Amino acid sequence: MAWDHEGHDGEPDVSDSLRTFGAVVQALREFAGLSREDFAPLVGYSKHTVESIELGRRMPDEVFVERAEAALGNTGAIRKAAKHINRKPGLATWFRRWARLEQEAISLYTYESRLVPGLLQTEAYARTLFGERLPPLADAQVEAQLAARQERQQLLRDRPNTAFSFIIEEHIFQRRTGGTEVTRELIDHVLECASPRNVELQILPLDRGVHCGMDGPIRLLETPANRWFGYCEGQESGQFVSDPKVVSTLHMRYAKLRSQALTSEDSAGLLERLRGAL
């Protein structure tokens, strides 16, 4: 199971062991006479997340395993199946931990200098990125990545009490990835995603010059226990950051970036002007 890092967002390709685990959960759920809609509130996850786990598209975390076990009779089958989920070469343990924490985070901060963050992407924009990947992806792999990307985007819809902050470089929109129409749709979509009051979007303008994000993208999250973690990524590599001193440094840089970026209102105005100029 290879993980698609940011800018590919850590979404997994389907593996045989994930499919098998999902099939076990689905079989036990159906034997219990529960639909996905019935089962979802019992485990505290959305119907879409349950579906992704059952189809082998999402790695289940320990909380899901324990809740599913309890909801489906405490037979031990789900716990035993979870122990046999294999990681293929390429699965980064640091990103697996990040993806799990992301599902329950109460704060998620993202600064991006390369591309629009996965949570804010349209299908057309994401399809363009996946279509240009090297080594090339097969059509089935592209579709699997798109499905995983769209599933992850449920975070914005399912977590109204999570504080989302995005700081994005202006030049990312000026690149017109995918062409003019794709960019118009993308800008409209990003503005719509930023409309809920728990989502803050700031654009770092081109004329800012030197700023605190020169060393690359930054991601930070806060757990329900108020512990902060970071994640930094480069070409085919990444680093899960738990050292409080390093996390503090990333926090300092992100706070400065917030002051260097446009306000939310001015950012929306800039995006609307960029769209109008297309």
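Residues 53 to 330 in our numbering are what the sequence shown spells out, letter by letter. Using N, Cα and C, we set each Cβ at its ideal position, and we do this for glycine too. Please read all numbers here as calculations on a predicted model, not as lab measurements.
Asked                                                                                                 : Found
Minimum length 4: unbroken alpha helix (DSSP H) runs contained in the segment 289-319                 : 296-312
First through last residue of the beta strand (DSSP E) which encompasses Leu207                       : Segment Gln206 to Asp210 is the alpha helix (DSSP H) holding Leu207; no beta strand (DSSP E) there.
Tyr177 - DSSP class collapsed to helix/strand/coil                                                    : helix
One or two residues paired with Tyr283 in a DSSP bridge                                               : Arg271 and Phe292
For Ala329 and Asp90, the rounded distance between their alpha carbons                                : 48 Å
Per-residue DSSP class, three states only, for Leu124                                                 : coil
Residue range of the alpha helix (DSSP H) that includes Leu253                                        : Where Leu253 is concerned, there is no enclosing alpha helix (DSSP H), although the beta strand (DSSP E) it sits in stretches over Val251 to Leu256.
Residue from Arg305, Arg279 and Arg310 with nearest C-alpha to Pro296                                 : Arg279
Between the CA atoms of Ala313 and Glu244 - distance to the nearest angstrom                          : 19 Å
Residues near Leu238 by beta carbon distance below 6 Å, same chain, minus five either side            : Thr174 and Tyr177
Bridge partner(s) assigned by DSSP for Thr162                                                         : Phe218 and Arg271
Residue interval of the alpha helix (DSSP H) (run including Ile105)                                   : Lys99 to Glu106
7 Å Cβ cutoff met for Leu309 and Ile219                                                               : yes
Minimum C-alpha distance to Pro169 - residue among Ser217, Leu258 and His263                          : Ser217
Contacting residues, own chain, Cβ-Cβ under 8 Å from Ala320 (five flanking each side not counted)     : Leu243, Ala246 and Leu253
Minimum Cβ-Cβ distance from Arg185 to chain C less than 7 Å                                           : This model lacks chain C altogether, as it is built from one protein chain only.
Own chain residues within Cβ distance below 6 Å of Leu326, not counting five before or after          : Phe225
Alpha-carbon spacing of Thr275 relative to Ala151, whole angstroms                                    : 12 Å
Cβ neighbours of Ala92 in the same chain (closer than 7 Å, five flanking residues each side left out) : Ser98, Lys99 and Val102
At least three beta-carbon pairs within less than 8 Å, the segment 258-269 to the segment 149-165     : yes
Own chain, CB closer than 6 Å to Val298, minus 5 neighbours either side, in chain order               : none
Where the alpha helix (DSSP H) containing Ala92 begins and where it ends                              : Arg88 to Val95
Environment of Glu203 [buried if 16+ CB atoms lie within 10 Å]                                        : buried
Same chain, Cβ closer than 7 Å to Thr180, neighbours up to 5 away in sequence not counted             : Thr229, Gly230 and Val234
Selection from Phe83, Ala199, Glu324 and Leu86 that minimises the alpha carbon distance to Arg236     : Glu324
Distance, Phe182 Cα to Leu189 Cα                                                                      : 7 Å
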